[in-house]
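A quick write-up on the structure given underneath.
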DNA sequence: TGCATATATTATTATATTATTATATAAGCG
DNA sequence: CGCTTATATAATAATATAATAATATATGCA
C-alpha cells in the first residue's frame with residue numbers, strides 16, 4: 032500500500048509539460064537525447080535535467096549506443112497515467128444522493144456537536 | 032485533445048498528500064470540512080486552502096448544509112487517477128527489443144546526420 | 001592523441017508552492 | 001441583535017521547483 036506522500040511524489044515528478052512530452056514520446060519507443068532536442072522546446076541542459084530526474088525516480092532508464100544515450104520507459108504505471116490524461120470525460124460525476132437540501136438520503140460524515 | 036500544459040496542471044493540483052487524502056475521502060462520499068479536520072493532519076485554514084484550490088480547479092464542489100460546507104467529487108478523472116495510484120505493479124515494462132548493442136531490431140529515433 | 005559530438009552537472013537566479021498566523025465572513029441560535 | 005460555530009481569506013515566511021548559463025565528462029573518430 033503506497034503512502035499518500037509517495038503517491039503525491041509520483042504525480043509531482045510527472046506533472047511537468049516537458050516531462051510529460053518525454054514520457055509520451057518514450058511510450059512510442061526508444062529515443063536518444065538528440066531526438067528529444069528536435070521535438071521538445073527546451074534547451075539541451077534542461078532536457079537533460081528532466082531526463083535525469085525521471086531516471087533517478089525510476090520512471091525511465093537508458094542504454095548506451097556509442098555516444099548516444101538511448102532512453103526507454105521502465106515504470107508500467109506511466110502509460111496508465113498518460114492514458115487517463117488523454118481520455119475525454121463527457122460528464123461530471125453524479126451529484127451525491129444525500130443532499131440535505133432535498134432531505135433525501137443521509138449525510139455520511141461523523142460530525143461533532 | 033488536452034495540451035501537455037493542461038495535463039501537467041491536472042497532475043500538479045492533485046500531487047499533494049493532503050489533497051490526495053481529501054480526494055480519497057470524497058471518493059467514499061460527501062464530507063464537510065470538520066470531517067476532514069478529524070482525519071487530516073493539517074490545520075483548519077490549511078485544509079480550507081486545499082479545498083479551495085481543488086474547487087477552483089473544478090475537481091470538487093460543495094453544497095451548503097446550514098453552516099456546513101459539504102464537499103463532493105465532481106471530476107470523473109479523479110477516481111481513475113486514484114485507482115492507478117493504488118495499483119501495485121509487479122514488473123517493469125519490457126526492455127526495448129531494438130538494442131543496438133545486440134544489433135537486433137532497429138533504433139527508431141530520427142537522428143540527424 | 002586530439003578534436004568534435006553527445007550529454008550531464010553545477011551554480012545561480014527567478015518563480016511557485018506550502019504552511020502558518022492572524023483575521024474575516026457567514027449562518028444559525030438564543 | 002449579539003454570540004458561537006464553521007469555514008474562508010490574506011499576509012507572510014519558508015521551502016521547493018524551474019530555467020538559464022557556464023562548464024564538465026565521455027565517447028568515437030581522424
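Protein chains in written order, with the numbering used here: chain U, 32 to 144; chain A, 32 to 144. The beta carbon of each residue, even a glycine, is placed where N, CA and C say it ideally should be. None of the values given here were measured: they were computed from a predicted structure.
Contacts around residue 54/A, its chain only, beta-carbon distance under 8 Å, and the 5 residues preceding and following it disregarded: Here residue 54/A has 45, 85, 90, 91, 104, 109 and 113 as same chain residues with Cβ atoms under 8 Å from its own Cβ, once five neighbours each way along the sequence are excluded.
query: Does the beta carbon of residue 81/U sit closer than 8 Å to a beta carbon anywhere in chain A?
result: Closer than 8 Å to the CB of residue 81/U there is not a single CB belonging to chain A.
query: Which residues, in chain order, does the segment 42-61 of chain U contribute to contact with chain A at a C-beta distance below 7 Å?
result: Residues passing the 7 Å Cβ filter: 42, 43, 45, 46, 47, 48, 51, 52, 60 and 61.
- request: Using the Cα positions of residue 65/A and residue 65/U, report the straight-line distance between them to the nearest angstrom.
  value: Going by C-alpha positions, residue 65/A is about 53 Å away from residue 65/U.
query: What distance in whole Å lies between the Cβ atoms of residue 125/A and residue 124/U, which are believed to be in contact at a cut-off of 8 Å?
result: Their Cβ separation, rounded to whole angstroms, is 35 Å, which puts residue 124/U and residue 125/A out of contact at 8 Å.
query: Would you say residue 36/A reaches chain U, if we count a Cβ-Cβ gap shorter than 8 Å as a contact?
result: Yes - at least one Cβ of chain U is within 8 Å of the one on residue 36/A.
query: From the beta carbon of residue 78/U, is the nearest beta carbon of chain A less than 8 Å away?
result: At a cut-off of 8 Å between C-beta atoms, residue 78/U does not count as an interface residue with respect to chain A.
query: Between residue 79/A and the rest of its own chain, which residues show a CB-CB distance below 7 Å, the 5 nearest in sequence each way excluded?
result: The answer, listed in chain order, is 64.
- prompt: Which residues, taken in chain order from the segment 95-107 of chain U, show a beta carbon closer than 9 Å to some beta carbon of chain A?
  reply: If the cut-off is 9 Å between Cβ atoms, the segment 95-107 of chain U has 95, 96, 97, 99, 101, 103, 104, 105, 106 and 107 near chain A.
task: Tell me whether residue 59/A sits in a helix, a strand or coil according to DSSP, three-state version.
output: Residue 59/A: helix per DSSP, three-state reduction.
- request: Just mark residue 75/A as buried or exposed, buried being the case when its beta carbon has 16 or more other beta carbons within 10 Å.
  value: Flag for residue 75/A reads exposed.
field: Three-way DSSP call (helix, strand, coil) for residue 53/A in this model
entry: Here residue 53/A carries a helix assignment [DSSP, helix/strand/coil].
- prompt: Nearest chain U C-beta to residue 86/A closer than 8 Å, yes or no?
  reply: Interface with chain U (8 Å Cβ-Cβ cutoff): residue 86/A is excluded.
field: Bounding residues of the alpha helix (DSSP H) (the contiguous stretch that carries residue 116/A)
entry: Annotation for residue 116/A: the continuous alpha helix (DSSP H) segment containing it runs 108-117.
- prompt: From residue 34/U to residue 120/A, what does the alpha carbon distance come to, in whole angstroms?
  reply: If I take the Cα positions, the gap works out to 15 Å.
field: Inter-residue Cα distance where the pair is residue 51/U and residue 127/U
entry: Spanning the two alpha carbons is a distance of roughly 34 Å.
field: Chain-ordered neighbours of residue 73/A on chain U, where CB pairs are closer than 8 Å
entry: Counting only Cβ-Cβ distances below 8 Å, residue 73/A has no contacts in chain U at all, with the closest Cβ about 12 Å away.
query: Within this structure, are the beta carbons of residue 115/U and residue 111/A separated by less than 8 Å?
result: Contact flag set, yes.
- request: Output, in chain order, the set of chain A residues within a Cβ distance shorter than 9 Å of residue 120/U.
  value: Per Cβ cutoff of 9 Å: 106, 107, 108 and 111.
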